[in-house]
Amino acid sequence: MYENQKSRQAICNFRTNNTRIPKVTGRYKGLERSERMCNICDSNCVGDEYHVLFECKNVNVMHYRKKYLPKYYVYSPSKIKLILLLRSNNPGVIAKTGAFLRNVLPLFK
Ligand SMILES: [Zn+2]
2 MYENQKSRQA ICNFRTNNTR IPKVTGRYKG LERSERMCNI CDSNCVGDEY HVLFECKNVN
62 VMHYRKKYLP KYYVYSPSKI KLILLLRSNN PGVIAKTGAF LRNVLPLFK
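The letter at position 68 of the sequence shown is residue 69 when you use the numbering used here, and the numbering goes up by one with no holes.
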């Protein structure tokens, strides 16, 4: 698969709950959404998409966030920016977001 396809696939999986992040796995365990805490950092936050992209304090996540995610989205993030990032048609943004997700999502087991 081409890098571009892999990036699009990673973003698509992330958008459609096809991941192992706590927000998703907690549902299978019957946990309330508010109880689906991130299991790779100690922030005691719900491990949802917003947390993974913008808030998670796991050192590896922070490293890949800094390496890949465009600064515009990372500095003063918001729900709107989350949506804009995941819906972007900009090939550069897609490649970077995809690279971030492909490195970070495997951390959630
Ligand atoms: Zn976290």
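Where a beta carbon is used, it is the ideal one built from N, C-alpha and C, also for glycine. Since we're looking at a predicted model, the values are computed, not measured.
Asked: F101 versus N90: straight-line alpha-carbon distance, rounded; Found: 16 Å
Asked: Contact set for V62: own chain, Cβ-Cβ below 8 Å, skip 5 residues either direction; Found: I41, C42, V53, V105, L108
Asked: 7 Å CB neighbourhood of I12 in its chain, flanking five on each side removed; Found: L87, I95, T98, G99, L102
Asked: Rounded Cβ spacing between V47 and K82 (contact assumed at less than 8 Å); Found: Contact flag wrong, Cβ pair sits at about 18 Å.
Asked: Backbone CA spacing between L85 and N19 [nearest angstrom]; Found: 19 Å
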